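Chemist: Residue numbers (this note's numbering): 4 to 84.
Every residue gets a Cβ at the ideal spot worked out from N, C-alpha and C, and that includes glycine.
Fair warning: this is a prediction, and the values are worked out from it, not measured in the lab.
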């Protein structure tokens, strides 16, 4: 119910807006495809769709975020040289 089924539409819109605007400072880290592969990771399916078991998807989100931040830092350092 609700707007849960709209996330693919929201994500597509965000990707289109950031791709269209070359001057955009937004960097999108889309974890939905990876997270949807782990439906077993919810705390109490189907009643609780907001909370995940630990260890689980939030650990992977943190890893992806740290990897992306390191990648952006390396790019920034290369541009300064």
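Near residue 108, which residues of its chain fall below 6 Å by C-beta distance, leaving aside the five closest residues on each side in sequence?
Modeler: Because the chain spans 4 through 84 in this model, residue 108 falls outside it and cannot be assessed.
Chemist: If you draw a straight line from the alpha carbon of residue 39 to that of residue 78, how long is it in whole angstroms?
Modeler: Taking the chain shown and counting its residues from 1, the one referred to as residue 39 is at position 36. Taking the chain shown and counting its residues from 1, the one referred to as residue 78 is at position 75. Distance between the alpha carbons of residue 39 and residue 78 is about 30 Å.
Chemist: Taking only the alpha-carbon atoms, compute the straight-line gap between residue 22 and residue 66 and give it to the nearest angstrom.
Modeler: Start at 1 with the first residue of the chain shown, and residue 22 comes out as number 19. Start at 1 with the first residue of the chain shown, and residue 66 comes out as number 63. Answer to the nearest angstrom: the Cα atoms are 24 Å apart.
Chemist: Near residue 10, which residues of its chain fall below 8 Å by C-beta distance, leaving aside the five closest residues on each side in sequence?
Modeler: Within the chain shown, numbered from 1, the residue matching residue 10 stands at position 7. Taken in chain order, the residues that qualify are 35.
Chemist: Below 8 Å on the Cβ atoms is my guess for residue 75 versus residue 30; work out the distance and round it to an integer in Å.
Modeler: Working through the chain shown from its first residue, we reach residue 75 at position 72. Working through the chain shown from its first residue, we reach residue 30 at position 27. That pair is a contact at about 7 Å.
Chemist: Taking only the alpha-carbon atoms, compute the straight-line gap between residue 18 and residue 12 and give it to the nearest angstrom.
Modeler: Position 15 of the chain shown holds residue 18. Position 9 of the chain shown holds residue 12. The straight-line gap from Cα to Cα measures roughly 10 Å.
Chemist: Please state the DSSP three-state secondary structure of residue 83.
Modeler: Here residue 83 is taken as the residue at index 80 of the chain shown, counted from 1. DSSP places residue 83 in helix when its eight states are reduced to three.
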